[in-house]
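Letter by letter, the sequence shown follows residues 6 to 601 of this note's numbering. Glycine included, every Cβ here is placed at the ideal spot set by N, Cα and C. Everything below concerns the one structure shown next.
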Amino acid sequence: MPANVIRVVGARVHNLKNITVEIPRDKFVVITCLSGSGKSSLAFDTIFAEGQRRYVESLSAYARQFLGQMDKPDVDYIDGLSPAVSIDQKGTSHNPRSTVGTVTEIYDYLRLLFARAGIPHCPICGREVVRQSAQEIVDAIESLPDGSRILVLAPVIRGRKGTYQAVFEEIRKAGFVRARVDGTVYSLDDEINLDRYKQHNIDSVVDRLVISHPESEEEKKAARTRLTDSVETALKFGEGYVTVSILDARESKIGNRKSETNPDFRISSSDLHFSENLSCPEHGISLPEIEPRTFSFNTPHGACPECQGLGNKLEIDPELLIPDKEISFNEGAIVAMEWSGPKEEGGYYWQSLVGAAKAFDIDLDVPVQEIPKDKLDIILYGTKGREIPIKYKSAKGHEFTFARDFEGVVGNLERRYRETNSEYIREKITEYMSDKPCPTCKGKRLRPEAIAVTVNGANIIEVTSWPILKTLDWVGELSGKKSALTNRQKAIAERVIKEIKSRLGFLVDVGLDYLTLNRSAGSLSGGEAQRIRLATQVGSRLVGVLYVLDEPSIGLHPRDNTRLLNTLKGLRDLGNSVLVVEHNDETIRVADWIID
């Protein structure tokens, strides 16, 4: 038998009638005929199934136990088979975590790009976050204009409530004599009284200096030594942070709350913040080491902790809870179990609702749509800790009166959904729930510190939300003259950028340039899913594989069909066999071999 053909002898799968056929290897072959003639039975249920079965049998017994036993197709024999890959029109994945980016592995390369070439920013203020050594901080301070008067400060408290007498005592014991509190400098010998209910910023004053640039090397060295000592002391006491406050040479608030005035210094609002940590010195937010997993919504290191990286949360939906607002609560407006009106009179939940209605003068006999929103919110979301009198009459007729807060219908169902061990109760409560964007990440799936990392001015959420064609243009700019990347970043990211461009280009070639990388895989049509798998296979650049496709041209515009055919021919040119079940005339005409 020639080594360049796949020979099928005596195929009898489904409605095939003892078919024998030879298919050339490393060619683009189309199988076409009337519907029901057995095209798919030959391509998928015979040739692909046997190729897959033989590949699985070549694996070790240990590996086969995870893949299961595959039945041999009803065929006498098949020669010349290669490992086979089926690319059909079934959905890619029903996993809510799967996206176009993860299925094509482009998102994995983007994570690597952002981890290696990304610039972290503070999630609150957006300022760029960089590590600085003590010497780099000293250099930055020395670059201030000659004659600048500064305070070197060690940040201790940032935006927290309290009186902090113990903190002042700690600063005093460390050998410092002044502290800056909310912008005013105080002597630690004076009594400092703070409002415990207001947020405060407290800094220890390490040194007061005047920036000078003397010509004498000895004086210059002495000035730098003093500044270096002050910065290192501030970094040590401020746990890696130092603030430099630039003063105005007129007056300053120095002293107690009565604001004594010193004619030498006036504190301006101009502060310079430095940090030797990867953190924002202004807000004290420490960022983790930037790694590829930082951008993964499938790991705890990158996923939003509120929604675990899904981007949405299953929450009680008031619209499902009260579908008909034209009837009253007493008429059963709430459809959830145990809350549906007087028929639940013997139940604790309904009686607690009645107690809340009496306490807040809510008429349960009027249509729900006529109840003011603030009162309806009490029924739905509770009294927020305020206790109300509740009269409870048990099924046996015993009456009890007690005071407690009312958690609301929504709060009650959400709590029971979290706490119950009963699948029945969980399923019943799910009937009144719907998916809503996560309130913490706003549907972005990632932690704030991951979203705050940018490459060329864009974060990973923005990049994955663009149409693929725009994303391809953005990636192309990274290695261009207008790129914001440094030469070092370009060198680090060169291979990653090349791989991303290549895979995005394959998606464009198969007519999927309108998709976004954050598109859920489960929302794709069968044709889109098939072309995504096709683009992924082209990107893998495997050789010697038999690819079996099921009508890949379905739903394509003629322009996009030409791109698809070029992709299929590209697979063939790599050294693979491409077997396509197809009715499209253009596809049939460009095939190397036709089986009708």
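| Item | Value |
| --- | --- |
| Same chain, Cβ closer than 6 Å to L551, five either side skipped, listed in chain order | G56, S87, A89 and S582 |
| Straight-line gap, G316 to N303 (C-alpha atoms, nearest Å) | 11 Å |
| Where the alpha helix (DSSP H) containing G387 begins and where it ends | Per DSSP, G387 belongs to no alpha helix (DSSP H) and is neither H nor E. |
| Straight-line Cα distance separating I251 from S257 | Only weak support is given to the placement of S257: the predicted model assigns it a pLDDT of 42, under 50, and the value that follows is read from those uncertain coordinates. Each residue's Cα considered, the two are about 11 Å apart. |
| Whole alpha helix (DSSP H) elements within the region 328-378, 4-residue minimum | 353-364 |
| Environment of G549 [buried if 16+ CB atoms lie within 10 Å] | exposed |
| Whole-Å CB distance - L483 paired with N461, under 8 Å assumed | 6 Å |
| Residue(s) in a DSSP beta bridge with Q204 | K166 |
| For N571, the first and last residue of its enclosing alpha helix (DSSP H) | P563 to D578 |
| Which of helix, strand or coil DSSP assigns to I537 | helix |
| Through-space distance from R165 to I197, alpha-carbon basis | 16 Å |
| Whether N20 touches S40 by CB criterion (9 Å) | no |
| Exposure of F181, with buried meaning 16 or more beta-carbon neighbours within 10 Å | buried |
| Nearest to P101 (by Cα), restricted to the options L319, Y169 and D208 | L319 |
| Continuous alpha helix (DSSP H) stretch holding R4: start and end | In the structure as shown, the chain begins at 6 and stops at 601. Residue 4 is therefore absent and cannot be evaluated. |
| Under the three-state DSSP convention, the category D410 falls into | strand |
| Helix, strand or coil at L181 according to DSSP, with G and I counted as helix | In the sequence on display, residue 181 carries Phe and not Leu. Coil. |
| Residues sharing a beta bridge with I129, DSSP | Looking at the DSSP assignment, I129 forms no beta bridge with any residue, so it has no partner. |
| N-terminal and C-terminal residue of the beta strand (DSSP E) that E320 is part of | N317 to I321 |
| Beta-ladder partner(s) of S148, from DSSP | DSSP lists no partner for S148. |
| CB contact flag (E294, C127, <9 Å) | no |
| Integer Cβ distance of V211 from V157, believed to fall under 8 Å | 5 Å |
| Three CB pairs or more closer than 8 Å across the region 428-437 and the region 485-501 | no |
| Secondary structure of R423, DSSP reduced to three states | helix |
| Backbone secondary structure at S530 - three-state DSSP | coil |
| Local Cβ density within 10 Å of D379, reported as buried at 16 or more and exposed below that | exposed |
| Distance between R185 and S264 (C-alpha atoms, nearest Å) | A caution first: S264 carries a pLDDT of 37, below 50, which makes its placement in the model unreliable, though a value can still be read off. Cα to Cα, S264 sits roughly 12 Å from R185. |
| Own chain partners of L554 with C-beta closer than 6 Å, once the 5 adjacent residues on each side are dropped | I92 and V585 |
| Extent of the continuous alpha helix (DSSP H) run through E224 | E222 to F242 |
| Inter-stretch contact (C-beta, 8 Å, three-pair minimum) for the region 538-548 and the region 520-529 | no |
| Same chain, Cβ closer than 7 Å to E133, five either side skipped, listed in chain order | I124 and H126 |
| Beta-carbon proximity check, T25 vs I600, cutoff 9 Å | no |
| Reduced DSSP category for T445 - H, G, I as helix; E, B as strand; rest coil | coil |
| Reference K330; option with closest CA among F365, L369 and R298 | L369 |
| As assigned by DSSP and simplified to three states, the class of S209 | strand |
| Three-state class that DSSP yields for T104 in the structure shown | strand |
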